[in-house]
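Protein chains in written order, with the working numbering: chain A, 2 to 492; chain B, 3 to 449; chain C, 30 to 153.
Right under this line is the structure:
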């Protein structure tokens, strides 16, 4: 059963691009006539000839993009258990409210006194995120998790630079880390030292003890880990890093497990980022926009990127902290994403947020419990909000994690995260979130069990999946060898 | 220990009921949620959080209406002449309509291409639009915003030329080198300022970063500067305004190596600064050094056309610390808005719109220039922004304008004596412009 | 799978000697692990390389690996077929998919490389 029945039954869908559908003279829009006296244009040598853009009617625009949308899986239409992505319900009220006149149409450089509502919203969100993480210094400037990470690392460097501790140029990163962690570290001019995970999927504490020294600027840790596990030795870990003079940075991508359960600041974390487009329900949009606020301890707040919303006696202002690492992008961050996240937090409130994490953890463990007889677990212990399966048994029978992921698509279920973390063989990372009903979880479990059976009874079904979508597996090798990256006229 | 599972009434966003949770806990094999939280230090579990109780949707809507009402916008009768990197343009109904499609809004990054042909084909169209507007060979699927795209372009130039000195034209918006500084601080990069009129540059520059129209609204001599860069083994990076490309020759005409821009003017609300989309295009020869996601066309096992993310080995999820950039989530949905906008305006519309902005801005400039005490000193061609030299500090003038519900241009007196950067787009009627001019006249006379 | 007349390095490169010229490529194991090769980044002819130093990169759709030269010397020829048609590395890793030819400075270098049987055993 697929949900995208229109697409599935469409046979050969018209995949022509807009330029191929264009007819000279058609238009989808009329620009008003000028109401001012005619002005002299510059010298014609500066002016361009026509721009090649589509010429289609307005209905064609609407129909084209509407039909294209039906080729997508999405949270609104499909179960999307992508581990570490937290594909939870994106409340529609958040989209509506963030687009209100007075919010969508204010200019970022308007004087503070003309945007008190906007700055007040940012301050409120800062306060809420600070409360949730236990790290009170907050900047909403970063435009995505990776930017939040990078800002966090710049803050760590600024802290050590201010103490004239120029030796500290190493970022310790677990072998299970998300790729943005070492990438951000390299951008911040830090050497990357890798700490091993032990057989339980935890940070190897003794290995960390060996690595943490006077060259350690920061230890970057995802909490819970990328295996969906909470570090049982977290207090010892943060102590080791602090004793060596380093700072602890927590990648907050998995915060959905921790709301109201534990505060990162209480665990010895000095800096963290959060992904509003994960934990806080803002839409993924097919790859962004996101928002990656950075939260720090009181002591580090002076280094936060600008701007930070503040309340003064004269009202709300956008301020630059005294030793700010400076601006990291153009304006104030993703304001309408922040607005959505704020609406989400206000809608759930204290009890609701706690309930989010509690249900996320229960649902992930339920799936784990009902699949562990068929699929190996990356670590045989209770997980948090996501479970990592290892399709090693299936691999021995001739089917890889990739094939299982593709076969799930035939059932209208988006594949889990594949091949991550890299330390787990044939990894399938499953995060149901608290948004999904038990019926959905049971259906997923049934499908996973069925696919496991198909490996023996009808392997081609799995190996050649997906069968029921607008396209079958795509030739990614040719796409990389001979890149075609835009429409050209000689079609 | 009492069960910590929240047994209060269900929230609309959380379907599991008490009995379902109990059943699941039974299957898992624990008595309560606490059985699953054993690894969390007990003394830190279930902290007190100082957060307000949840609101119903209706209450939430009331709260947000109040927040919105506290901001000055056209809704509350204000007119604005601010630009400087974020621009007021009319957003066609098609853009808002397609944004209603949850299949676009709530989809993930298209790592499973079979389930994401909508997102991918739109992204391919987006790349095409950017190439068509800029005249460049290839474009990526979008960066965070204009300034970070510019910063990434400079770093790319450093990689390509294997040089560490980056030239930034003195007439650029300072947000460009400021963002570059944030991105390059610990990479051994030196940033030097280049005079736009210069006939010589250092022979060890990785690039010259040119903004045109520049911060002051004027068109730079991109051709001359590009030739100068190339003569010295440097790349030419041009940061453009995409609407201006409906009127002025695109950088692709001048053998420019990399083009960046803020994509916000193409159908994206100003939204107090974001989310926006950074446009990034370059020569095909440099494609493996280009950051960000790239979408390519290919075929499936039955020979049907499809689209995939390609050249992924540049990116962080594969190359990790040797990636071209750490960018992961960027701005795909904003790219969708830009694509729908470009399809809607179309070939003729983008020309008409650019011309209309030009007409209104030049009308406003000539009217302001006539006022006693004010002058508009743009020497060369300009698009829709110009610098007004005021008889008094722009801060004072803007304060007085606010009393008339007019948001004046940006105070740039730090870069231009008593300078105010005024922007006029198609969203200002002649009546709005005349009202602005009249207010300036009155204020100028009083100062 | 592992031709007897070649020598092998633990980084999965092979060497075929022609007088003092060493022809270098990646083994069947390497190209299988990588999957479809989409891009090969090779240095220019004339570049000096040390034994076991990195001389380039090889990319598949989902992975990138460094290439380490099993011999040291001057690179006298670079295979443009591998750069123009990366699939040659998958199709004929020991034939048309060769990568570089190195004029080696010291034949004693070959002594530290493995023969076919030894290399194959390391793959177990």
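The C-beta atom is built at its ideal place from N, Cα and C for all residues, glycine as well.
Computed from a predicted structure; not experimentally measured.
According to the DSSP assignment, residue 238 of chain B belongs to the beta strand (DSSP E) that extends over 237–242. Pairing residue 396 of chain B with residue 411 of chain B gives a Cβ-Cβ distance under 9 angstroms. Residue 434 of chain A places its beta carbon 9 angstroms or farther from that of residue 341 of chain A. For residue 133 of chain B, there is no enclosing beta strand (DSSP E); the enclosing alpha helix (DSSP H) has its first and last residue at 119–136. Against chain C, the CB of residue 482 of chain A has a partner CB under 9 angstroms away; the residue lies at that interface.
Residue 162 of chain B sits in a helix when the DSSP states are folded into three classes. For the C-beta of residue 477 of chain A, the chain C residues within less than 9 angstroms are, from N- to C-terminus, 65, 67, 90, 91. Closest by C-alpha distance to residue 289 of chain A, out of A:143, A:15, A:460, is A:143. Put simply, of B:173, B:188, B:131, B:271 the residue whose alpha carbon is nearest the alpha carbon of residue 157 of chain B is B:188.
Residue contact check for residue 61 of chain C against chain A: no CB pair falls below 9 angstroms. Taking the Cα positions, residue 251 of chain A is about 25 angstroms away from residue 332 of chain A.
By the Cβ-count criterion, residue 116 of chain B is buried, with 16 or more other Cβ atoms from all chains shown falling within 10 Å of its own Cβ.
When 8 angstroms is used as the limit between beta carbons, residue 115 of chain C is near these residues of chain A: 482, in chain order. Within 8 angstroms of the CB of residue 62 of chain B, the CB atoms of chain A belong to 94, 98, 344, 347, 348, in sequence order along the chain.
Here residue 30 of chain C carries a coil assignment [DSSP, helix/strand/coil].
The beta carbon of residue 330 of chain B sits closer than 9 angstroms to some beta carbon of chain A. With a cutoff of 9 angstroms on beta-carbon distance, residue 429 of chain A and residue 84 of chain A are scored as near each other. Under the Cβ criterion (8 angstroms, minimum of three pairs), the stretch 145–160 of chain B counts as touching the stretch 251–260 of chain B.
Checking the DSSP bridge columns, you'll see residue 272 of chain B has no partner listed. Listed in chain order, the positions of the stretch 289–309 of chain B with a beta carbon within less than 9 angstroms of a beta carbon of chain C are 290.
For residue 173 of chain B, there is no enclosing alpha helix (DSSP H), as DSSP marks it with neither H nor E.
In the three-state reduction of the DSSP assignment, residue 316 of chain B falls in the helix class, which pools H, G and I. Counting C-beta pairs closer than 8 angstroms gives three or more between the stretch 428–440 of chain B and the stretch 359–374 of chain B, which meets the contact rule. Within chain A, the residues whose beta carbon sits less than 9 angstroms from that of residue 124 of chain B are 66, 69, 70, 287, listed in sequence order. Spanning the alpha carbons of residue 70 of chain C and residue 120 of chain C requires a straight line of approximately 18 angstroms. DSSP places residue 41 of chain C in no beta strand (DSSP E); its state is neither H nor E. DSSP places residue 167 of chain B in the strand class (E or B) of the three-state scheme. In this structure, residue 157 of chain A sits away from residue 323 of chain B, with a CB-CB distance that is not shorter than 9 angstroms. Pairing residue 407 of chain A with residue 427 of chain A gives a Cβ-Cβ distance that is not under 9 angstroms. Restricting attention to A:297, A:237, A:387, the CA atom closest to the CA of residue 209 of chain A is found in A:237. Cβ atoms of residue 293 of chain B and residue 154 of chain B come within 8 angstroms of each other, at about 5 angstroms. Chain-ordered, the chain B residues with CB closer than 7 angstroms to the CB of residue 43 of chain A read 383. Between the stretch 196–210 of chain B and the stretch 164–171 of chain B there are three or more C-beta pairs closer than 8 angstroms, enough to call the two in contact. Residue 65 of chain A sits in a helix when the DSSP states are folded into three classes.
Residue 136 of chain B sits away from residue 287 of chain A, with the two beta carbons spaced by 9 angstroms or more.
Per DSSP, residue 213 of chain B is not a residue of any alpha helix (DSSP H); the beta strand (DSSP E) it occupies stretches across 207–213.
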